[in-house]
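S.K.: Sending over a structure as structure tokens; questions will come in a sec.
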Amino acid sequence: MSKISLKSSHIYLESQLVNAIFGNIHFAYVTYIEEQKKILITPVSSQWFVKMFKPTQFLLKSRNLKGDRTLAVREIFIDNNLDTTDRELQYEVIEKTKLIKVSVYKG
118 MSKISLKSSH IYLESQLVNA IFGNIHFAYV TYIEEQKKIL ITPVSSQWFV
168 KMFKPTQFLL KSRNLKGDRT LAVREIFIDN NLDTTDRELQ YEVIEKTKLI
218 KVSVYKG
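Note that the working numbering has the sequence shown beginning at 118, numbered continuously upward.
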């Protein structure tokens with residue numbers, strides 16, 4: 118299973134996960150759901166996501182030749198007073214809807 122980690126307020130997504138969820142799409146919709154303490158990430162092609170949430174669009178930045186990518190989510194962490202400590206993050210992937218649910222609650 119791929120890892121998702123937080124480093125310097127960037128969510129790092131390993132290439133295996135990026136390829137499975139995003140394919141050739143280089144932008145993601147991201148939103149924070151306070152009740153669930155989760156950040157939701159999906160490709161910009163997911164129109165249902167825009168209707169359900171008010172997401173912010175982020176660039177999936179290339180990090181290395183393997184295809185790992187990052188999302189600069191500092192503003193989400195600051196706006197929601199989340200812990201920005203570098204760490205691995207627990208997550209769940211819903212392949213049918215190409216959704217990644219990342220748990221950001223530490224405790």
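Using N, Cα and C, we set each Cβ at its ideal position, and we do this for glycine too.
Here the structure is a predicted model, which is why all the values come from computation and not from measurement.
What do you reckon, are the CB atoms on residue 144 and residue 182 nearer than 8 Å?
M.R.: In the sequence shown, the residue the question calls residue 144 occupies position 27. In the sequence shown, the residue the question calls residue 182 occupies position 65. No; because the gap between Cβ atoms is not below 8 Å, this pair is not in contact.
S.K.: Evaluate contact between the stretch 191–201 and the stretch 163–171, counting only Cβ atoms and requiring at least three cross-stretch pairs below 8 Å.
M.R.: The stretch 191–201 vs the stretch 163–171: no contact.
S.K.: In terms of alpha-carbon separation, which member of 186, 161 and 185 lies closest to residue 174?
M.R.: In the sequence shown, residue 174 corresponds to position 57, counting from 1. It is 161 whose Cα lies nearest to the Cα of residue 174.
S.K.: Would you give the residue range spanned by the beta strand (DSSP E) that residue 122 belongs to?
M.R.: Residue mapping note: residue 122 aligns to position 5 of the sequence shown, counting from 1. Note, residue 122: beta strand (DSSP E), 121–124.
S.K.: For residue 208 and residue 140, I'd like the C-alpha separation in whole angstroms.
M.R.: Against the sequence shown, residue 208 aligns to sequence position 91. Against the sequence shown, residue 140 aligns to sequence position 23. So the alpha carbons of these two residues sit roughly 19 Å apart.
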